[in-house]
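Chain order of the listed sequences is A and B.
Take the first sequence: its position 57, counting from 1, is numbered 56 in numbering that gives the first Met the number 0, and each next residue is one higher.
Take the second sequence: its position 95, counting from 1, is numbered 94 in numbering that gives the first Met the number 0, and each next residue is one higher.
Every residue gets a Cβ at the ideal spot worked out from N, C-alpha and C, and that includes glycine.
Structure, as structure tokens:
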Amino acid sequence: MNIEKYDKCFKEIFGDNAELNENFKFGAAPGWDSMAHMELIALLEDTFHIMLEADDILHYGSYENGKLIMKKYGVEM
Amino acid sequence: MAVYSKVLTGKTIRMRAMEESDAEVTFKMRNDPERTRFLNPPPESVEAQRIYIAKQRESVDGYYFIIEDLEGNPIGMKALSDYCPEMKTVESGRFIGFGSQIQHIEALIMGFDFAFDVLGVDKVLMTVIENNKAMYSLQQRLGAKETKRVFMPAFGCDSIHSELNRNDYLEARKKAENIIERFSGRK
């Protein structure tokens, strides 16, 4: 299931205790800084075998919005 | 004068010394409510900002950079202040970024490289408002170690003081460099 793989990526970057919900956002979620952001993008790309465009990387921004961006690349949750 | 005359060039950005002619663009940057909510209040006018830049250029212990993308568009500013050659320390000062995450990472890396390699410091000192979680997290991720917390009445929370030494930085820098390498050419 894609959602399980998606969540696993977030947990790998932000820790098993990360509360993945609509409030999990850049700058608000503990540890979601610019470096973590890029590590997350790299892990998502490697996991789902996709390559995000610069604009989508820039606006990834949150756990929920990320699902919509992933959909653009054919990854349905 | 604490003005570094060379242009620092990275894979996604350039950094050059701030000039008085940058007053208007930096005034706009400093008045962006979202990007500056954890920083001290800005000057009241473009002219006040120009005077501020002129003063900083004449200071002996501060370095103020404009961050540009590789096309020369200004996308932020970065300061290094309170440089002390005797103590071999410098404070990682104000950072305001309007670029991508990669450009922001590279701007911080280039600022630290400047501190360690050009100024020759042993430690970079840094302070961040507790509520600025992203910057605090990034500082720690780049190897900084927290030293103390001081309550800031103006912000209603603590300021967190940290130190970064060269060895810790160089270790953390490798990961940042790999990320910049991977994503720098992304369109």
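Exposure label - residue i; buried when at least 16 CB within 10 Å
i         : result
His58(A)  : exposed
Ser4(B)   : exposed
Lys70(B)  : Rather than Lys, the amino acid found at residue 70(B) in this sequence is Glu. That one is exposed.
Leu124(B) : buried
Ser44(B)  : exposed
Gly184(B) : exposed
Asn39(B)  : exposed
His48(A)  : exposed
Lys132(B) : buried
Arg148(B) : exposed
Phe64(B)  : buried
Beta-carbon proximity check, residue i vs residue j, cutoff 8 angstroms
i         : j         : result
Ile52(B)  : Glu18(B)  : yes
Arg140(B) : Met0(A)   : no
Ile12(B)  : Asp60(B)  : no
Thr35(B)  : Ile128(B) : no
Lys271(B) : Ile66(B)  : Because residue 271(B) is not part of the residues shown, which for chain B are 0 to 186, the question remains open.
Boundaries of the beta strand (DSSP E) in which residue i is found, first to last residue
i         : result
Ala16(B)  : 12-16
Lys7(A)   : From DSSP, Lys7(A) is part of no beta strand (DSSP E) but of the alpha helix (DSSP H) over 1-13.
Asn164(B) : 156-164
Ile149(B) : Inspection of the sequence shows that residue 149(B) is occupied by Val rather than by Ile. Per DSSP, Val149(B) belongs to the beta strand (DSSP E) from 144-151.
Glu44(A)  : Per DSSP, Glu44(A) belongs to no beta strand (DSSP E); it is in the alpha helix (DSSP H), 33-47.
Tyr82(B)  : 73-83
Interface flag, residue i vs chain B, CB-CB below 8 angstroms
i        : result
Leu57(A) : yes
Ala17(A) : no
Asp32(A) : yes
Glu38(A) : yes
Glu52(A) : yes
Phe25(A) : yes
Chain A contact for residue i (CB, 8 angstroms cutoff)
i         : result
Ile104(B) : yes
Ile52(B)  : no
Arg93(B)  : no
Met0(B)   : Residue confidence for Met0(B) is low, a pLDDT of 48 falling below 50, so the modelled location carries little weight and cannot support an answer.
Ile178(B) : yes
Leu7(B)   : no
Alpha helix (DSSP H) segment containing residue i, residue limits
i         : result
Gly65(A)  : 62-71
Ser136(B) : 132-140
Phe111(B) : 100-112
Phe64(B)  : Per DSSP, Phe64(B) belongs to no alpha helix (DSSP H); it is in the beta strand (DSSP E), 62-68.
Lys27(B)  : 22-29
Cβ distance (whole Å) where residue i is taken to contact residue j below 8 angstroms
i         : j         : result
Ser99(B)  : Glu90(B)  : The pair is not a contact, with the Cβ atoms about 26 angstroms apart (cut-off 8 angstroms).
Val6(B)   : Arg56(B)  : Contact doesn't hold; Cβ gap of about 16 angstroms is too wide.
Phe115(B) : Tyr168(B) : 7 angstroms
Ala175(B) : Ile108(B) : 5 angstroms
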